[in-house]
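What follows is one structure encoded as structure tokens, with my remarks underneath.
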Amino acid sequence: MLKSYKTREDFERESQMLRELHGAKNIVQMINVYPLQSIIVCESALYDLEIFLHRQNNIQRQEEKGNIIKDMVSGLLELQKHNIVHVELRPKNIMYFQEKDGHTESWKLIYFDTACFVGSYYSYNAKIKLNYSAPEVVIANEKKIKIKADFAMDMFSFGLILYFLETGYHYWDGENEEKKEEIISTKYLPLRNIGPDHTACYVIKSLLDKSIPHRMTLEGFIVITKVNIRLIIS
């Protein structure tokens, strides 16, 4: 996978993040970098999560859900270990990879040209698609203000991805103004179509808490959902 950049800043940011994440599980790996041309070569993926889910019916989606979540959690753990906030976590930025042996398969997080280190400032970025962003990111973009990057940004995005996994629908398409207002208001999101799984409903609601201090953390998610941590970090 070859990626070129319109700005030097984007190239330098992504190359820095990928160097930092070298060898990290469930994170796309950089194979080569060409600074003079502002080009990065990464390992190649087969398809992204959005394309995959649109090809599946509900039964198929539920069967694969556990593997997808386990790999996402593994990738998020790596980001937090390196104090990195992805900022633009969404289905298009989660891709399916198959190793050369043809047997080893995994989902990995990709695209780090808008990523930030925790505590650094995130500022308005016109190229970010906001439909999976945390309310504080949407508001920062709307008002063109700076906010400090925090892991909670990615956890809100993770909640919206879980909603997509459960329902097959995007909560917000990035265009609908009514849905945008639901995202940025201080009220709880009126979640629909999640189904009878009470744990899934509770977890998604907790991840989508508008209050940053009360938003579910990754550690909280692992404890409540009993994701097999040994499989993730082994």
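Note that the sequence shown covers residues 1 to 234 in the UniProt record's numbering.
Don't be surprised by glycine CBs; every beta carbon is placed ideally from N, CA and C.
Note that the structure is predicted; figures quoted are calculated from it, not measured.
Would you kindly work out how many angstroms separate the C-alpha atoms of residue i and residue j, rounded to a whole number?
i: E142; j: Y124; result: 8 Å
i: L36; j: L2; result: 15 Å
i: T225; j: G159; result: 13 Å
i: S185; j: L53; result: 29 Å
i: V138; j: R90; result: 14 Å
i: F221; j: L191; result: 18 Å
i: W172; j: K205; result: 15 Å
i: K70; j: R8; result: 34 Å
i: A126; j: K187; result: 26 Å
i: H82; j: F117; result: 8 Å
i: V223; j: Y5; result: 39 Å
i: residue 246; j: R55; result: For residue 246 there is no data in the structure shown, the boundaries of the chain being 1 and 234.
i: H198; j: Y163; result: 13 Å
i: D101; j: A140; result: 44 Å
Going by alpha carbons, who is nearest to residue i out of the options?
i: M72; options: L218, K100 and I224; result: L218
i: V85; options: F97, E14 and Q98; result: E14
i: A134; options: S106, G119, K127 and I161; result: I161
i: G168; options: Y5, S44, E136 and I59; result: I59
i: G119; options: T104, R90 and Q80; result: Q80
i: A149; options: A126, Y163, A115 and L165; result: A115
i: H170; options: M216, Y202, N131 and K100; result: N131
i: K65; options: L189, A200, R8 and N83; result: A200
i: L76; options: A24, L165, I204 and V223; result: A24
i: D154; options: I40, I212, E63 and Y5; result: I212
i: F11; options: N83, V33 and V28; result: V33
i: Q98; options: R61, R215, Q29 and N57; result: Q29
i: R215; options: Q56, E136 and I39; result: E136
i: I40; options: N57, G174 and Q16; result: Q16
Quick check on residue i: does DSSP put it in helix, strand or coil?
i: V73; result: helix
i: L89; result: coil
i: R216; result: Note that residue 216 is Met in the sequence shown, not Arg. Residue state, collapsed to three classes: coil.
i: D48; result: strand
i: S157; result: helix
i: N32; result: strand
i: M17; result: helix
i: F117; result: strand
i: I184; result: helix
i: L165; result: helix
i: G145; result: The amino acid at residue 145 is misidentified as Gly; the sequence shows Ile. In the structure shown, I145 sits in coil (DSSP, three-state: anything other than H, G, I, E or B).
For the putative contact between residue i and residue j, defined by C-beta atoms under 8 Å, what is the C-beta separation to the nearest angstrom?
i: L208; j: F151; result: The Cβ separation is near 15 Å, so there is no contact.
i: Y122; j: K146; result: 7 Å
i: I128; j: E88; result: 5 Å
i: E78; j: L18; result: 12 Å between Cβ atoms; not a contact.
i: N193; j: S106; result: That pair is no contact at about 28 Å.
i: residue 249; j: I68; result: The requested residue 249 does not occur in the structure, where the chain is confined to residues 1 to 234.
query: Between the stretch 108–118 and the stretch 174–183, do three or more beta carbon pairs fall short of 8 Å?
result: Touching, no.
- prompt: With a cut-off of 8 Å, do at least 3 Cβ pairs link the stretch 81–95 to the stretch 34–50?
  reply: yes
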